[in-house]
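Heads up: the structure comes next, in structure tokens.
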Amino acid sequence: MLIRNSDGNNKAAARPIRRIAVLGAGTMGHGIAQVAAAAGYEVMLRDINEDSVARGRQAIEHNLAKGVQLGKVTEQDRNQTLARIRTTTQLEDIAEADLIIEAAPESLELKQNLLRESESLTNPNCIFASNTSSLSISQIARASARPEKVIGMHFFNPVHIMRLVEIVVGEQTAASTTEFVRIVAAAIKKEPIVVRDVPGFASSRLGVTLGLEAMRMIEQGVASARDIDTAMELGYNHPMGPLRLTDLVGLDVRLNIAEYLHQQLGSETFRPPEILRRMVREGKLGKKSGEGFYRWNDQDKAQKAYTT
């Protein structure tokens, strides 16, 4: 696998890509680290404290153990994948990365700070990809000394199962950068789509619309959460209903995205329903808190659904 270092004439030498750094060991970050390591990349998984790093590593081990149990992963593949993943709390340990994938919380300031700090440590050819689901790549790239190397790689939860990667091209993203991340996406067995940097991109804009409308239907007493989800699963062949998906993403995450899209696009479609605001205030954030539109047990199974 190669990275092409391009100048203004789109010419350059190629060098092998071996190392990927993932910033953030949470739900998305540890999933990205897992699929990258499974594809043969050396991975450095970094978070701000030892507890977060340890939880990320344990989640990867759990996913791989389940894969072995189901016959989808061999024991050799599991062992080799784990051997390729190192963890750290020190940002300096990403210095040798050829590609950085940032999976930090949805804060523009935080992502820009990570970009600045990462660029000060890595070589000029290193690409910085953000896993943001809605923030502007072009705005993130304003913190960069090399914005042509900044791009979006929006993965989907759970990363080790969902095949889509949304590649988001910023105003100054180089064509060679886009080509490179498409190659990486294919190497980690994902199907890439390329979209322009607009609020919500393609996937979040469509997905959030469906999820917010499902919440309004609950407010109006149209049906239960389980029946609304079943309508989309069996009637439209969706693998998961919009409310169960919201629980997996996190109600707080969905609220932040909806508020951002409402502000940026000015459409009432994205105004967060009161039920979403109330549930977030009550700490009902979905699977990660044990309750959202469903109650979740210790085996990560959805139990009783929300009803009005």
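Under the working numbering, the residue at position 9 of the sequence shown is numbered 418, and the numbers go up by one with no gaps.
C-beta: ideal position from N, C-alpha, C; glycine also.
What you are looking at is a predicted structure, and each value in this text was computed from that prediction instead of being measured.
Contact annotation: T582 and E557 have beta-carbon atoms nearer than 8 Å. I592 sits in a helix when the DSSP states are folded into three classes.
Among the bridge pairs identified by DSSP, R428 is matched with E451.
Annotation for L652: the continuous alpha helix (DSSP H) segment containing it runs P651 to V658. The DSSP assignment places complete beta strand (DSSP E) segments of no fewer than 3 residues inside the region 458-500 at 494-497, in order along the chain. The beta carbon of V452 sits closer than 8 Å to those of R428, I429, A430, V431, A442, A445, A446, R493, I494 and R495, all from its chain and outside the five residues before and after it, given in chain order.
Going by DSSP, S543 is part of no alpha helix (DSSP H) at all; its letter is neither H nor E. Spanning the alpha carbons of P681 and I426 requires a straight line of approximately 42 Å. Assigned with DSSP and collapsed to three states, M437 falls in helix. When G630, V662 and G433 are compared, the shortest CA-CA separation from I503 is found for G433. Straight through space, the alpha carbons of V559 and R690 are spaced by roughly 35 Å. G480 and L473 have their C-alpha atoms spaced approximately 10 Å apart.
By the beta-carbon neighbour count (other beta carbons within 10 angstroms, threshold 16), I457 is exposed. Cβ atoms of G620 and T655 come within 8 Å of each other, at about 5 Å. The beta carbon of Y450 is closer than 6 Å to those of I429 in its chain, skipping five residues each way along the sequence. G630 counts as exposed, since fewer than 16 other C-beta atoms from the protein chains shown sit within 10 angstroms of its C-beta.
The C-alpha of M626 is placed about 14 Å away from the C-alpha of T639. With the rule of 3 Cβ pairs closer than 8 Å, the region 587-602 counts as touching the region 567-578. Distance from A538 to L523 at the Cβ level is roughly 12 Å; contact not present, criterion being Cβ atoms closer than 8 Å.
CA-CA distance, Q521 to R704, rounds to 36 Å.
Secondary structure at G699: coil, using DSSP grouped into helix, strand and coil.
One thing to note: R455 has its Cβ within 8 Å of the Cβ of T498. Burial is judged here by how many other beta carbons sit within 10 angstroms of a residue's own beta carbon; L643 has fewer than 16 and is exposed. Using a Cβ distance threshold of 8 Å, M688 and G701 count as a contacting pair. About 6 Å separates the beta carbon of V604 from that of V577, a gap short enough to meet the 8 Å contact definition.
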